[in-house]
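J.:
Protein chains in written order, with our numbering: chain A, 101 to 501; chain B, 101 to 501.
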């Protein structure tokens, strides 16, 4: 079997952790597998390097920042290769460009164009464990690029896709994907399996386990992923196209506190209002979600939507002039909201899933501000003070105590 | 003019020093020159990385150590490029392989086979200051190698040679090459110029200003070098093929305290003794200098030579069995010695230079243990306690107060 294993910065933060990773990797190798390991920079390395750069030039070019930051993985891959060697197993480290990562030229947020796994394959043929620097590649000018947030997850999936690996394991500090945040909801259970689409909706809904880019790529190339802990040796959660039929209508309940609700109230009911509102928000490069348009009592219209909380002021600023010009009654921004989402492919075939969520919230006496949904997700906005209680109530409804 | 400037680790140890280097570089650029800058890793970076490796695997492979250590220059070149940018000048950093350094595969002590300066030239054509990672290259397997001690000096000279640069400036923490160590000899003067051969003999004699490999390469390709300080803006010492006629018989007096004298006393006078002695020492990979063979009073022979002090015990161990087998009277090792050398091309045409040295030492009542010489160097061994006095006396004889 060919297994790609990815370890984040906290999993290799010091000598002890590097050796722990080496043991996981060599145990997989001992079982007869070919193993490619993708690692991020150690713990705080990236932050330390950014600090060094800012001391010298707070506006250093992205090309030079990528040159600087990619040194971080260079350090971690060589240390991990040495750790594997110290356990008596053959290993070789490869930088992004040595491992065949070709990217576009968008420094700091480059996209992988192609992975040419020739060198990796040659090293595997020599029975070596191959340790690859995540997060980095090379553009057509032979310059180093980095992939941006969650880049190492994407690197791992890209290798798995290019080499048709049997499994791509993403090791993190959690044991897998849960039906709700296990630190907050006592009944939260670890899922055995979840589909790509469900995982994507979970991530977008506030459950930050996997980076969306990596899941999208895994879905596109049908790479089976597994999320698991680098500290506890237990099975994690598999992410794949089709999951076993389980008696679960939904896979999880997620909460996102980093949203704000913006509303323009009492606008005259003219055609093209929605277009005018959202084109202004889009121009400010703000992502909009949970759109709700309703007819007010006096024939006017209200439009409400959510934006990332950090963009709330900008969204209001982008709309202020327009709201005044059309004589809207009010332009409001509500930051004390939580978005509660349920996610599950089961919704596609069961009509009453959403109703179950509303029932649970009503029983808990929690008011719903707005509702939005996709094929496999239903999200509601509630007062932030009710957020945790809402998750509990909905989780209990679907999963029991 | 095309100028190559090299800065060592202490010259770029922190943000302040990096910005100082950026000012030197941009001042050279402002004068209308094309500038290629070669930098080492910052201050203690290399030591820190070695420590990290040793914590994990004290016997990490040299290939992985080179992967690890070469991250050091990657950090310093990007920081320097950002510093130059912050002063308002265009700069680009290049790793060893991007700058065209092809080496053999001897990890940790690789030799440069070729420098292909195509990319550097293209960047210079764009009017950029090119910042190159010293100390590193790429072998035919596309793996990163490092050049070993003094590697960045060699990198700088190799670029200067490949591009036929007009000058290769090596910035250090001293202001140039002196007639003697200026911290110890009050009358020591900075030399305006010195020949390659003189510089090589000076370095071998204990004056650690430039790495010999870089001077040998500069000599071979006739690259004019200059040794100067990164902290004081004053002219340094030029190293070149022919120096101006100066009324100086010698260029300097050097002292090397890191030698030991080994002697086998009272060996029977059989043919092939020297061969047998030195083949044994060579087998132990120990470099030998100042060989002296003399005939003892009773028809036996004595052989004495110097070795690096750190190898003294090994040299004695390598000879112990043999000395006993041939019935030598004694095998002694004297560590309390200093090697005092005078260096100067003037010796080639003036017979009495060596005599002047011996006279100065005799006047100071300092006993000479052994003498050795090359065309442009005379070295003597004296008691270590007399070392500083010997340098003073010889320096005074040739250079006055």
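Virtual Cβ for every residue (Gly too), placed ideally from N, Cα, C.
Spell out whether any CB of chain B is found under 8 Å from the CB atom of residue 141/A.
T.: Sequence index remark: in the first chain, residue 141/A carries index 41 (1-based). By this cut-off, residue 141/A is not an interface position.
J.: Along chain B, in chain order, which residues have C-beta atoms closer than 7 Å to that of residue 202/A?
T.: By one-based count along the first chain, residue 202/A stands at place 102. What residue 202/A touches in chain B: nothing, since even the nearest Cβ is about 15 Å away.
J.: Whose C-beta lies closer than 8 Å to the C-beta of residue 301/B among residues of the same chain, with five residues either side of it excluded?
T.: Position 201 of the second chain holds residue 301/B. For residue 301/B, where only same-chain residues beyond five positions count, the Cβ hits under 8 Å are 441, 443, 474, 476, 477.
J.: Going along the segment 179 to 191 of chain B in order, which residues come within less than 7 Å of chain A, judged by CB to CB distance?
T.: Under the 7 Å Cβ criterion, the segment 179 to 191 of chain B contributes 179, 181, 182, 183, 185, 186.
J.: Kindly give me the distance between the Cβ atoms of residue 173/B and residue 139/B, rounded to whole angstroms, as I take these residues to be in contact under 8 Å.
T.: Counted from its first residue, the second chain places residue 173/B at position 73. Counted from its first residue, the second chain places residue 139/B at position 39. Between residue 139/B and residue 173/B the Cβ distance is about 6 Å, and since that is below 8 Å, they are a contact.
J.: Does any residue of chain B have a CB that is nearer than 8 Å to the CB of residue 152/A?
T.: The residue you call residue 152/A lines up with position 52 of the first chain. Judged by the 8 Å Cβ criterion, residue 152/A is in contact with chain B.
J.: Taking one C-beta from the segment 337 to 346 of chain A and one from the segment 283 to 294 of chain A each time, how about it: are there three or more such pairs within less than 8 Å?
T.: Contact holds: three or more Cβ-Cβ distances are below 8 Å.
J.: Where residue 469/B and residue 191/B are concerned, what is the direct C-alpha to C-alpha distance, given to the nearest angstrom?
T.: Position 369 of the second chain holds residue 469/B. Position 91 of the second chain holds residue 191/B. Whole-angstrom Cα-Cα distance: 55 Å.
J.: Looking at residue 279/A: is its Cβ nearer than 8 Å to the Cβ of residue 200/A?
T.: The residue labelled residue 279/A in the question sits at position 179 within the first chain. The residue labelled residue 200/A in the question sits at position 100 within the first chain. Contact flag unset, no.
J.: Check each candidate in 426/A, 288/A, 262/A and name the one with the smallest Cα separation from residue 376/A.
T.: For the purposes of this step, residue 376/A is taken as residue 276 along the first chain, with counting starting at 1. Looking at the Cα atoms, 426/A is the closest of the given residues.
J.: Tell me residue 408/B's beta-bridge partners as DSSP assigns them.
T.: In the second chain, counting from the first residue as 1, residue 408/B sits at position 308. DSSP output for residue 408/B lists 359/B as bridge partner(s).
J.: Relative to the C-alpha of residue 116/A, which residue among 275/A, 179/A, 195/A is closest?
T.: On the first chain, residue 116/A is found 16 positions in, with the first residue counted as 1. Answer by Cα proximity: 179/A.
J.: Just to make sure I have the definition right: I need the residues of chain A whose C-beta is within less than 7 Å of the C-beta of residue 242/B. Which are they?
T.: Residue numbering aside, residue 242/B sits at position 142 when the second chain is read from its first letter. Chain A residues near residue 242/B: 198.
J.: For the segment 269 to 285 of chain B against the segment 324 to 333 of chain B, do three or more pairs of beta-carbon atoms, one drawn from each stretch, fall closer than 8 Å, so that the two count as touching?
T.: With a cut-off of 8 Å, the segment 324 to 333 of chain B and the segment 269 to 285 of chain B count as touching, because enough Cβ pairs lie within range.
J.: If you compare alpha carbons, which of 102/B, 348/B, 493/B, 436/B is closest to residue 464/B?
T.: Here the question's residue 464/B lines up with position 364 in the second chain. When only C-alpha atoms are compared, the closest one is 493/B.
J.: At least one CB of chain A closer than 8 Å to the CB of residue 193/B: is that the case?
T.: Position 93 of the second chain, counted from the start, is the residue given in the question as residue 193/B. Output row for residue 193/B: interface = yes.
J.: Taking residue 256/A as the query, report the chain B residues whose CB atoms sit under 9 Å from its CB, ordered along the chain.
T.: Here residue 256/A refers to the residue found at position 156 when the first chain is read from its first residue. The contacting residues do not exist; residue 256/A stays about 20 Å from chain B at best.
J.: Which residues in the same chain have their Cβ closer than 7 Å to the Cβ of residue 297/B, if we skip the five residues on either side of it in sequence?
T.: As a working note, residue 297/B is residue 197 in the second chain. The answer, listed in chain order, is 445, 476.
J.: Compute the Euclidean distance between the alpha carbons of residue 450/B and residue 155/B, then round it to the nearest angstrom.
T.: In the second chain, residue 450/B corresponds to position 350, counting from 1. In the second chain, residue 155/B corresponds to position 55, counting from 1. Whole-angstrom Cα-Cα distance: 57 Å.
J.: Expressed to the nearest angstrom, what Euclidean distance is found between the alpha-carbon atoms of residue 260/B and residue 266/B?
T.: Numbered from its first residue, the second chain carries residue 260/B at position 160. Numbered from its first residue, the second chain carries residue 266/B at position 166. Approximately 8 Å between the Cα atoms of the pair.
J.: Step through the CB atoms of chain A and report whether any lies within less than 8 Å of the CB of residue 157/B.
T.: Counting from 1 along the second chain, the entry for residue 157/B is found at position 57. Yes, its Cβ sits closer than 8 Å to a Cβ of chain A.
J.: Compare the C-beta of residue 160/B with all C-beta atoms of chain C and state if any pair is closer than 8 Å.
T.: The chain labelled as chain C is not found among the protein chains of the depicted structure, namely A and B.
J.: In this structure, does DSSP put residue 340/A in helix, strand or coil?
T.: Counting from 1 along the first chain, the entry for residue 340/A is found at position 240. Residue 340/A falls in the strand class under three-state DSSP.
J.: Might you give, ordered along the chain, the residues of its own chain that have their beta carbon closer than 7 Å to the beta carbon of residue 198/A, omitting 5 neighbours on each side?
T.: Counted from its first residue, the first chain places residue 198/A at position 98. 219.
J.: In whole angstroms, give me the CA-to-CA distance for residue 491/B and residue 461/B.
T.: Here the question's residue 491/B lines up with position 391 in the second chain. Here the question's residue 461/B lines up with position 361 in the second chain. Looking at the two C-alpha atoms, the distance is approximately 9 Å.
J.: I'd like to know if residue 302/B contacts chain A, where contact means its C-beta is closer than 8 Å to some C-beta of that chain.
T.: Looking up residue 302/B in the second chain gives position 202. No, because no Cβ of chain A sits closer than 8 Å to the Cβ of residue 302/B.
J.: DSSP three-state call for residue 124/A: helix, strand or coil?
T.: The count along the first chain starts at 1 and reaches residue 124/A at position 24. Three-state result, residue 124/A: helix.
J.: Contact check, residue 256/A vs residue 234/A under 8 Å by CB: the rounded distance?
T.: Mapped onto the first chain, residue 256/A falls at position 156. Mapped onto the first chain, residue 234/A falls at position 134. That pair is a contact at about 7 Å.
J.: Mapping DSSP to helix, strand and coil, what is residue 218/A?
T.: Taking the first residue of the first chain as position 1, residue 218/A is located at position 118. Of the three classes helix, strand and coil, the one that applies to residue 218/A here is helix, per DSSP.
J.: Strictly below 8 Å CB to CB, what residues from chain B border residue 137/A?
T.: The count along the first chain starts at 1 and reaches residue 137/A at position 37. Correct list: empty, because the minimum Cβ distance to chain B is about 14 Å.
J.: Between the beta-carbon of residue 503/A and the beta-carbon of residue 196/A, is there less than 8 Å?
T.: Residue 503/A lies beyond the stretch modelled for chain A, which goes from 101 to 501, so this question has no answer here.
J.: So which residues of chain A does residue 115/B contact, with C-beta pairs closer than 9 Å?
T.: In the second chain, the residue the question calls residue 115/B occupies position 15. Going along chain A in sequence order, the residues near residue 115/B (Cβ under 9 Å) are 152, 155, 156.
J.: So, residue 391/B versus residue 414/B, is the Cβ gap smaller than 8 Å?
T.: If you number the second chain from 1, residue 391/B lands on position 291. If you number the second chain from 1, residue 414/B lands on position 314. No.
J.: Could you work out which residues of chain B lie near residue 149/A, taking near to mean beta carbons separated by less than 8 Å?
T.: Indexing the first chain from 1 puts residue 149/A at position 49. The contacting residues are 175.
J.: DSSP three-state label for residue 465/A, please.
T.: Numbered from its first residue, the first chain carries residue 465/A at position 365. Three-state DSSP puts residue 465/A in coil, outside helix and strand.
J.: In this structure, does DSSP put residue 448/A in helix, strand or coil?
T.: Working through the first chain from its first residue, we reach residue 448/A at position 348. Looking at residue 448/A - three-state DSSP - the assignment turns out to be helix.
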